[in-house]
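Asks: Quick note: the sequence shown uses this note's numbering, first residue 129, plus one each step.
Once you've had a glance at the structure underneath, I'll fire off some questions.
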Amino acid sequence: MGRKRKPQKRIFSDDGWLYYCSMCQGYKPEVEFHKDKNRPFGVYYICKEHRQLKYREINPPVEDMDHIRMVFVSDDDYKQKDLLLSRLGYDIKEEIHKQFLQRVEQKYGKAL
């Protein structure tokens, strides 16, 4: 059995249904809420704006780290991959993984 939740609130107005945001403590239209099929009315209990703020409080951005997003590329995209890696300063003729580990060791003083 799941945890108990406070009942979600909504009111009907001339513009349609308005849903209650527990952080704003006010009513807003449905377009200002993320969809959530597990909720009674199909919308999240806080508005999009406050949900983003809540997420940023829990997961603050890390400013001093280089972030690399790994993607799988098809055979046709190797030219684009090589171009991207060369723009990031990697030597394409040598092994990329070793270069990455060297960069991490230089920047943070420890090897992975």
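Each residue gets a CB set at the ideal place from its N, CA and C atoms; glycine is no exception.
Where does ARG282 sit, in a helix, a strand or coil, going by DSSP?
Replies: Nothing about residue 282 can be reported from this structure: the residues present for the chain run from 129 to 240 only.
Asks: Check whether the Cβ atoms of TRP145 and GLU158 lie closer than 7 Å to each other.
Replies: One-based indexing of the sequence shown puts residue 145 at position 17. One-based indexing of the sequence shown puts residue 158 at position 30. The answer is yes: Cβ separation under 7 Å.
Asks: For a test of the three-state rule: what should DSSP assign to SER141, helix, strand or coil?
Replies: Numbered from its first residue, the sequence shown carries residue 141 at position 13. Strand.
Asks: What do you get for GLY236, buried or exposed, if any count of 16 or more other CB atoms within 10 angstroms of its CB means buried?
Replies: Working through the sequence shown from its first residue, we reach residue 236 at position 108. Note that residue 236 corresponds to Tyr in the displayed sequence, not to Gly. Exposed.
Asks: Does the beta-carbon of TYR206 have 16 or more other beta-carbons within 10 angstroms, so that it is buried, or is it exposed?
Replies: The residue you call residue 206 lines up with position 78 of the sequence shown. Its Cβ having fewer than 16 others within 10 Å, TYR206 is exposed.
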